[in-house]
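Novice:
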Amino acid sequence: MNIVFMGTPDFAKESLEAIVEAGHKVVGVVTNIDRPQGRGMKLQPSEVKKYALEKDLPIYQPERIKNNKQFRMEIEGLKPDVICVVAYGKILPKKILEIPKYGCINVHASLLPKYRGSAPIQWAVLNGDKITGVTTMYMDIGMDTGDIILKEEVEIGEEETTGELWNRLSKKGGKLLVKTLEKIEEGTAPRQKQGEDYTIAPMLSKDMAKIDWENESAQQIKNRVRGLNPIMGAYTNWKGKKIKFWKVDIVRSEELEKVTIEKSNELKNGTIILADSKEGLWIKSKEGILKVVEIQGENAKRMNIQEFLRGCSMKVGEELN
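So the sequence shown is residues 18 to 338, counted in the working numbering.
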């Protein structure tokens with residue numbers, strides 16, 4: 018089939034690569050404009066554009082698509098059978114949705130109708146979900162409200178981060194898109210209406226990164242750390258300095274038997290109850306004890322907790338906030 022592909026990040030690149038390798042004719046690739054990145058803030062192409070350049074695919078980078086008559090005419094001229102949209106970053110207007118013969122198909126990184134919105138992978142990890150997946154659907158004018166075509170479930174590992182899950186789902190999404198296109202071409206693609214029991218996965222905000230020692234359990238803090246890795250990292254303050262946690266765990270009962278720590282029942286949540294370059298860093302939470310595995314000091318690099326504590330004078334009884 019003739020396909021117009023719309024997408025931007027590495028997650029979308031996996032789907033574009035999958036349909037190219039499956040033999041579909043990609044007549045156009047639409048991606049966001051080049052953005053300044055890195056220390057020098059030089060303009061950098063999206064991962065989708067990089068791949069399109071490698072494969073010599075026609076590239077379109079409109080700054081806006083709403084009320085953009087020229088762009089709509091360009092897409093119409095490509096005569097696509099299908100438009101595939103994967104993490105493009107812009108909402109498609111009705112006039113674009115109506116162009117392709119078989120409609121516009123979206124790959125969404127959740128089991129719809131759960132986690133409609135821009136950050137489904139992050140919220141699945143933040144909420145401590147055990148299962149997530151990918152969904153292909155026919156697009157309509159709503160946000161991830163279209164009829165479902167196919168779904169595939171994926172288990173989330175207890176230690177898995179957003180970044181790790183992102184990479185797994187990107188490959189799953191590419192394979193599911195190819196399978197979806199096969200069914201559309203055969204005329205056997207299912208079409209299932211979404212129910213009303215939906216949830217939303219909105220964009221993440223910077224204030225979510227701060228750990229709430231007073232109200233969060235060790236498990237909730239662990240989910241926060243996993244969910245914000247590698248996007249921004251979860252942080253706390255120690256002696257007026259910001260420190261980020263990149264990997265944490267929960268102290269198990271058998272570990273408590275091996276180490277002598279200060280009695281923590283009457284201590285304030287966020288209090289350090291063990292700080293030892295061999296045993297590590299343990300912190301009291303609302304429920305359970307948090308064990309820091311990987312950390313980053315202010316204006317420093319990421320490192321394991323043993324290395325950090327060898328050069329840092331954290332002490333038992335100090336409070337994090």
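Quick reminder that beta carbons are idealized off the backbone N, C-alpha and C, glycines included.
Suppose you measure from the CA of Asn-321 to the CA of Gly-314; what does that come to, to the nearest Å?
Specialist: Locating residue 321 in the sequence shown gives position 304, where the first residue counts as 1. Locating residue 314 in the sequence shown gives position 297, where the first residue counts as 1. Answer to the nearest angstrom: the Cα atoms are 11 angstroms apart.
Novice: Are the CB atoms of Val-124 and Thr-153 nearer to each other than 8 angstroms?
Specialist: The residue labelled residue 124 in the question sits at position 107 within the sequence shown. The residue labelled residue 153 in the question sits at position 136 within the sequence shown. In contact: Val-124 and Thr-153 (Cβ atoms closer than 8 angstroms).
Novice: Which residues share a DSSP beta bridge with Val-265?
Specialist: Position 248 of the sequence shown holds residue 265. DSSP, once it has assigned bridges, lists Val-309 as partnering Val-265.
Novice: Taking just the CA atoms, how far does Ser-330 sit from Thr-216?
Specialist: Numbered from its first residue, the sequence shown carries residue 216 at position 199. Numbered from its first residue, the sequence shown carries residue 330 at position 313. Approximately 44 angstroms between the Cα atoms of the pair.
Novice: Three or more beta-carbon pairs under 8 angstroms between the segment 67-75 and the segment 100-107, yes or no?
Specialist: These segments do not touch.
Novice: If contact is defined by three or more beta carbon pairs under 8 angstroms, each pair taking one atom from either stretch, is the segment 209-227 in contact with the segment 241-256?
Specialist: The segment 241-256 vs the segment 209-227: in contact.
Novice: Sort Glu-31, Ile-289, Glu-336, Thr-149 by Cα distance to Tyr-105 and report the nearest one.
Specialist: In the sequence shown, counting from the first residue as 1, residue 105 sits at position 88. If we check each option's Cα against that of Tyr-105, Glu-31 comes out closest.
Novice: Please state whether the Cβ-Cβ distance between Asp-161 and Leu-129 is less than 8 angstroms.
Specialist: The residue you call residue 161 lines up with position 144 of the sequence shown. The residue you call residue 129 lines up with position 112 of the sequence shown. Going by C-beta atoms, Asp-161 is nearer than 8 angstroms to Leu-129.
Novice: Is it buried or exposed, Pro-117, if we count other Cβ atoms within 10 angstroms and call 16 or more buried?
Specialist: Counting from 1 along the sequence shown, the entry for residue 117 is found at position 100. Pro-117 should be labelled buried.
Novice: Going by other Cβ atoms of all chains shown within 10 Å of its Cβ, with 16 needed for buried, is Arg-269 buried or exposed?
Specialist: Stepping through the sequence shown from its first residue, residue 269 is reached at position 252. Arg-269 comes out exposed.
Novice: Please state whether DSSP places Met-23 in a helix, a strand or coil.
Specialist: The residue labelled residue 23 in the question sits at position 6 within the sequence shown. Met-23: strand per DSSP, three-state reduction.
Novice: Pick out the complete beta strand (DSSP E) segments inside the segment 83-111, 3 residues or longer, and give them in chain order.
Specialist: Taking only runs of at least 3 residues, the beta strand (DSSP E) segments lying wholly in the segment 83-111 are 99-103.
Novice: Looking at the structure shown, is Gln-323 part of a helix, part of a strand, or coil, going by DSSP?
Specialist: Taking the first residue of the sequence shown as 1, we reach residue 323 at position 306. DSSP places Gln-323 in helix when its eight states are reduced to three.
Novice: Spatial neighbours of Lys-256 within its chain, please: CB distance less than 8 angstroms, with the 5 preceding and 5 following residues excluded, ordered by chain position.
Specialist: Counting from 1 along the sequence shown, the entry for residue 256 is found at position 239. Excluding residues within five positions, the ones whose Cβ falls inside 8 angstroms are Glu-335.
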